[in-house]
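S.K.: Residue numbers (my numbering), protein chains in the order written: chain R, 2 to 264; chain S, 2 to 264; chain B, 2 to 264; chain F, 2 to 264.
Built from N, CA and C at the ideal position, the CB exists for glycine as well.
Dropping a structure here in structure tokens format, bear with me for questions.
What follows is the structure, encoded as structure tokens:
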């Protein structure tokens, strides 16, 4: 634990020891897999090694996060290119054929974008059931507003449960350059958001260091599940409301929360 | 296990060894985190060190409960002030900046209130999905009545499943002094209740010692989940019933249970 | 594992070594607690030590199953009385005050009844969420019929998924003598049933030995959850159907299954 | 981990060391049991030892997967017959009476069929809650179409979330020869499918090696749960739509996904 603490942030020109961050990322990746947030090689985790130039330690593509070893973590530069001469042993269960040099996460550009725009020290992408369900259910609304929950107080800068958190939902794309552009646009448009969702793909969040990013993941995944379960109970606005519907469940309101607002 | 047993209660002037209680609280905190009841630094746990004067061992604020170490547990007095000269190492992942002296849980006043009014030996606050969902869903009713379930028999003083347990729901507040006052009022108004909920925030329960408090947590969290799932199945009264609704799901009754009452 | 195998059954006059059965019961108790099937001191597990006279090894009352130790397992005779001179150390977190001699499970008479009527070698009572929800939801129907699921093939004597399993639901009672009488009546009335439910209380099942009983628990708890989730999806007959209801969800049929029957 | 990697595939005449595959299969079986995918002796796992002649390492019938040991794994030939003279010790908790020679999984013929038709290196059958629920709910439609989810990209040969995966649902049968015939027919009819469901029975999937098959299990089980939860939320087409129903939830469309299609 002491190690993780000291290996958790990078000042302007400072380099954080790669080995410690790699160990933390691998450990967290295995934990996320165990929690169902990074199954089937999904999800990715990164931490900033240095800010100028921007360099990240990041999980490899196609790796089983349940078996993630420190040796599999890669170092990438601001353009997303893995370090030359890195002799990382890729876990034998990666999607790329055995023997190929390990490649950084396919979503490296997104991590770099978030790290740059938000000045984050760590960026985490979880691919959970509820993140997938809600990012699909609320895609048309363009985002999810969450307010009234005490859990929101754990987000950096938030002091009260009456905070209104807006989680934008972006359309998923395979063109990473395009997607990174969308992400940058959304981050600049919503400077207060602590995360965003990719439709049918899951959650991205970050923090000043790995510990804060992890805390944000726990908080947002928790709140997504609360919303998902409340959707089933009927208190959240129906996703399929139409103007003709006279159902008492129609609310017309986009935001929902624990209840500082009467409903 | 032997240690936890002997370190679980404090008589009138007796002091319970701090170290054992701290170890028990840290262990239980990690267990609750693993169960999803204390994610993102939420939740708090305390145990009484002495009754006159009232002193508690309590979890620190902003700590990742999954990494909670005995060394992080604090001692507070009846006013909620942490002991002078305590050199507790705060886990590096706490919300307060590294280097700050550790602070006791933000909800310390609530723990003191419960310990005093109920004469409890331990007070536990879990922040679960179902506690959050149901405290939000039933906030307007002011509480949840649970009856007919065998699990109720595990609550102190309860001998039959035909017991009617009332869990009051309080509005959540950030002003701890105000909130502690609400809590005291509710505890005095409902002397038989084994717990209460804070809206959108979760469950508080207690026991004569840590073991009994833990048993109460397991029982009440279990029952909250049963109710939540039955809500979805439609047997519990609809939360959003209106006078116009002719839906067969409307029952008009506030209490629900396994079925000593016909429905 | 070898031990559990040999310690799992008792012939007519044969005594099975107590120590091995106690270790297996304690281990299984802890596992059930970890699975959420024996929370808050609920649930109980027994295995037959000898058949003539009938003697069981059984879990104590009021014990935290998550901390269950072999030393806490008791031996009872056909009348349910614990052995004289047993110096079992009761885990410090039991419901009875510290220092009291350990007492056998409050439901010992039910275990004895099942062991006698079914000739079972082990009897297991789990107190799960889904067992509690469905035993409450279907109480008025007096039972649950399950058919069409491959999982049914794991039940002793069942060779096909087209098997129709009937799980009777009994009203819960605190008078154990009365309840044992009900249990005996139901077991004699439904000789093919592999288990029964106590309303709002959970599942009882058994097997020729602990391994078979455990397999039956896994199968029946699995099927209860499948039914519970299908209830939410709407394919199972509505619990609250009335004769007036014209809802398309009304089916009038009591049995439900995967689909050897058109619906 | 290194072992599993090298023990994961078999070329044309090559024999893969049995011991390593057996260890991997046993380990994976225990993991699947822990995840709730192989409870009550359900589920089965196999890996190809050699292709010409076709020989598999496969789990035994009636074994508690939670206790699965390498020594219990059997070797079978292309006709499904276990190797002569194999002295595998069957775990004491198997369904067949103690002392009987271990038998290969009852579904061996299905594994052989998949290995042959798909040229797979490993075949895995999980028996999960959601696999059971959805294979029952969508049986009449003959299959489930899944599209729009990023998780689909983890399937071999899939490059985009806009992929449309069709999971056929076959009627369950006890006659293995008949069932194997159905499986072969379905595999030939749907060459792009990465898996299929047996009604009320669960999922079959495969891969070029054990790691890929495991990845496919994680992906498909994840997607089945996403669909199941979305069914509850109402976005997936109702299973019980009838021509008379005017419910706004009726969609008439068979496919559903995250949303490349408007709904």
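1) Can you name, in chain order, every residue of its own chain whose Cβ lies under 7 angstroms from the Cβ of residue 119 (chain F), other than the five neighbours on each side?
2) Looking at the strands, I want to know which residues DSSP matches up with residue 56 (chain B).
3) From this set, F:175, F:48, F:204, F:192, which residue's C-alpha is nearest residue 128 (chain F)'s C-alpha?
4) Report all residues from its chain with a CB closer than 6 angstroms to the CB of residue 211 (chain B); omit the five preceding and five following residues, and keep chain order.
5) Would you give the residue range spanned by the beta strand (DSSP E) that residue 131 (chain F) belongs to?
6) Is the stretch 66-82 of chain R close to the stretch 23-41 of chain R, with three or more CB pairs under 8 angstroms?
7) Along the alpha helix (DSSP H) that carries residue 109 (chain B), what are the first and last residues, could you check?
8) Around the C-beta of residue 65 (chain S), are 16 or more other C-beta atoms found within 10 angstroms, so that it is buried, or is it exposed?
9) Using the Cβ count rule (16 or more neighbours within 10 Å means buried), how would you classify residue 154 (chain R)?
10) Helix, strand or coil, according to DSSP, for residue 17 (chain B) in the structure here?
11) Just to confirm my understanding: we take residue 144 (chain B), look at its own chain, exclude 5 residues before and 5 after, and list those with CB closer than 7 angstroms. What are they?
12) Beta-carbon within less than 8 angstroms of residue 173 (chain R)'s beta-carbon, same chain only, minus the 5 sequence neighbours each way: which residues are those?
13) Taking CB distances under 8 angstroms as the criterion, tell me whether residue 111 (chain B) reaches chain S.
14) With a Cβ-Cβ cutoff of 8 angstroms, do residue 75 (chain S) and residue 112 (chain S) count as a contact?
15) Strictly below 7 angstroms CB to CB, what residues from chain B border residue 104 (chain F)?
16) Check for me: the alpha helix (DSSP H) holding residue 146 (chain S) runs from which residue to which?
17) Work out the CA separation of residue 222 (chain S) and residue 142 (chain R) for me, nearest whole Å.
18) Please state whether DSSP places residue 199 (chain B) in a helix, a strand or coil.
19) Please confirm if residue 126 (chain F) has its CB atom under 8 angstroms from at least one CB of chain B.
20) In the DSSP assignment, find the alpha helix (DSSP H) that holds residue 224 (chain F) and state where it starts and stops.
21) Taking residue 123 (chain F) as part of the alpha helix (DSSP H), name the residues at either end of that continuous run.
22) Does any CB atom of chain B fall closer than 8 angstroms to the CB of residue 162 (chain S)?
23) Can you list, in chain order, the residues of its chain whose CB lies under 7 angstroms from that of residue 22 (chain R), leaving out five sequence neighbours each side?
24) To the nearest angstrom, how far is the alpha carbon of residue 184 (chain R) from that of residue 234 (chain R)?
25) Bridge partners of residue 76 (chain B), per DSSP?
26) Where does residue 26 (chain R) sit, in a helix, a strand or coil, going by DSSP?
27) Given this structure, state the Cα-to-Cα distance separating residue 38 (chain B) from residue 232 (chain R), to the nearest angstrom.
28) Relative to chain B, which residues along the stretch 174-207 of chain F have a C-beta separation below 8 angstroms, given in chain order?
29) Shorter than 8 angstroms from the beta carbon of residue 133 (chain B) to some beta carbon of chain S?
30) If residue 157 (chain S) sits next to residue 213 (chain S), beta carbons under 8 angstroms apart, how far is it from one beta carbon to the other, in whole angstroms?
31) How big is the Cα-Cα spacing for residue 34 (chain B) and residue 31 (chain S)?
32) Do residue 62 (chain R) and residue 116 (chain R) have their C-beta atoms closer together than 8 angstroms?
33) Hey, how far is the Cα of residue 82 (chain R) from the Cα of residue 53 (chain R)?
34) With distances taken from CA atoms, which of F:176, F:182, F:197, F:229 is nearest residue 125 (chain F)?
35) Span of the alpha helix (DSSP H) holding residue 182 (chain B)?
36) Apart from the five residues just before and just after residue 114 (chain R), which ones in its own chain have a Cβ nearer than 7 angstroms to its Cβ?
M.R.: Inspection of the coordinates gives the following:
1) Sequence index remark: in the fourth chain, residue 119 (chain F) carries index 118 (1-based). Contacts found: 188, 207.
2) By one-based count along the third chain, residue 56 (chain B) stands at place 55. DSSP output for residue 56 (chain B) lists B:51 as bridge partner(s).
3) On the fourth chain, residue 128 (chain F) is found 127 positions in, with the first residue counted as 1. It is F:204 whose Cα lies nearest to the Cα of residue 128 (chain F).
4) Here residue 211 (chain B) refers to the residue found at position 210 of the third chain. Hits under 6 angstroms: 9, 25, 48, 123.
5) Within the fourth chain, numbered from 1, the residue matching residue 131 (chain F) stands at position 130. First-last for residue 131 (chain F): 130-138, but that is the alpha helix (DSSP H), not the beta strand (DSSP E).
6) Touching, yes, given that three or more Cβ pairs across the two stretches are closer than 8 angstroms.
7) For the purposes of this step, residue 109 (chain B) is taken as residue 108 along the third chain, with counting starting at 1. Counted as a single uninterrupted DSSP element, the alpha helix (DSSP H) harbouring residue 109 (chain B) occupies residues 109-119.
8) Numbered from its first residue, the second chain carries residue 65 (chain S) at position 64. Buried.
9) Translated into the one-based positions of the first chain, residue 154 (chain R) becomes position 153. Looking at its Cβ environment, which holds 16 or more other Cβ atoms inside 10 Å, residue 154 (chain R) is buried.
10) For the purposes of this step, residue 17 (chain B) is taken as the residue at position 16 of the third chain. In the structure shown, residue 17 (chain B) adopts coil according to DSSP, grouped into three states.
11) On the third chain, position 143 is the one that residue 144 (chain B) refers to. Taking residue 144 (chain B) as the centre and dropping the five residues before and after it, the same chain places the C-beta of 167, 168, 169, 170 closer than 7 angstroms to its C-beta, in chain order.
12) By 1-based counting over the first chain, the position of residue 173 (chain R) is 172. The residues are 180, 199, 200, 201, 202.
13) Within the third chain, residue 111 (chain B) is the residue found at index 110, counting from 1. Not one chain S Cβ lies under 8 angstroms of residue 111 (chain B).
14) If you number the second chain from 1, residue 75 (chain S) lands on position 74. If you number the second chain from 1, residue 112 (chain S) lands on position 111. Not closer than 8 angstroms, so no.
15) Taking the first residue of the fourth chain as position 1, residue 104 (chain F) is located at position 103. For residue 104 (chain F), none of the residues of chain B pass the 7 angstroms Cβ criterion, the least Cβ distance being about 15 angstroms.
16) As a first step, residue 146 (chain S) must be located in the second chain, where it is residue number 145. According to the DSSP assignment, residue 146 (chain S) belongs to no alpha helix (DSSP H) but to the beta strand (DSSP E) extending over 144-148.
17) Sequence index remark: in the first chain, residue 142 (chain R) carries index 141 (1-based). Sequence index remark: in the second chain, residue 222 (chain S) carries index 221 (1-based). CA-CA distance, residue 142 (chain R) to residue 222 (chain S), rounds to 33 angstroms.
18) For the purposes of this step, residue 199 (chain B) is taken as residue 198 along the third chain, with counting starting at 1. DSSP places residue 199 (chain B) in strand when its eight states are reduced to three.
19) Working through the fourth chain from its first residue, we reach residue 126 (chain F) at position 125. No, no contact with chain B.
20) The residue given as residue 224 (chain F) occupies position 223 in the fourth chain. Looking at the DSSP string, the run of the alpha helix (DSSP H) that includes residue 224 (chain F) is 211-234.
21) Along the fourth chain, read from residue 1 onward, the residue named residue 123 (chain F) stands at position 122. First-last for residue 123 (chain F): 123-127, but that is the beta strand (DSSP E), not the alpha helix (DSSP H).
22) Within the second chain, residue 162 (chain S) is the residue found at index 161, counting from 1. So yes, residue 162 (chain S) belongs to the interface.
23) Along the first chain, read from residue 1 onward, the residue named residue 22 (chain R) stands at position 21. Correct list, in chain order: 8, 48, 50, 58.
24) Within the first chain, numbered from 1, the residue matching residue 184 (chain R) stands at position 183. Within the first chain, numbered from 1, the residue matching residue 234 (chain R) stands at position 233. Those two C-alpha atoms are separated by around 32 angstroms.
25) Position 75 of the third chain, counted from the start, is the residue given in the question as residue 76 (chain B). B:58.
26) On the first chain, position 25 is the one that residue 26 (chain R) refers to. Helix.
27) Mapped onto the third chain, residue 38 (chain B) falls at position 37. Mapped onto the first chain, residue 232 (chain R) falls at position 231. Within the model, the alpha-carbon separation for residue 38 (chain B) versus residue 232 (chain R) is close to 27 angstroms.
28) With the criterion set as a beta carbon lying under 8 angstroms from some beta carbon of chain B, the members of the stretch 174-207 of chain F are 175, 199, 200, 201, 202, 203, in sequence order.
29) The residue you call residue 133 (chain B) lines up with position 132 of the third chain. At least one chain S Cβ lies under 8 angstroms of residue 133 (chain B).
30) Residue 157 (chain S) sits at position 156 when you count from the first residue of the second chain. Residue 213 (chain S) sits at position 212 when you count from the first residue of the second chain. A Cβ-Cβ distance of about 6 angstroms is found for the pair residue 157 (chain S) and residue 213 (chain S), placing them in contact under the 8 angstroms criterion.
31) To locate residue 34 (chain B), count along the third chain from 1; it is residue 33. To locate residue 31 (chain S), count along the second chain from 1; it is residue 30. Cα-Cα distance, rounded: 17 angstroms.
32) The residue given as residue 62 (chain R) occupies position 61 in the first chain. The residue given as residue 116 (chain R) occupies position 115 in the first chain. No, they are not a contact pair.
33) As a working mapping, residue 82 (chain R) is identified with position 81 in the first chain. As a working mapping, residue 53 (chain R) is identified with position 52 in the first chain. Between residue 82 (chain R) and residue 53 (chain R), the alpha-carbon positions lie close to 16 angstroms from each other.
34) On the fourth chain, position 124 is the one that residue 125 (chain F) refers to. Between residue 125 (chain F) and the set F:176, F:182, F:197, F:229, the nearest pair of CA atoms involves F:197.
35) Position 181 of the third chain, counted from the first residue, corresponds to residue 182 (chain B). Segment 177-190, the alpha helix (DSSP H) holding residue 182 (chain B).
36) Locating residue 114 (chain R) in the first chain gives position 113, where the first residue counts as 1. Once the five neighbours on either side are set aside, the close Cβ partners of residue 114 (chain R) are 181, 184, 185.
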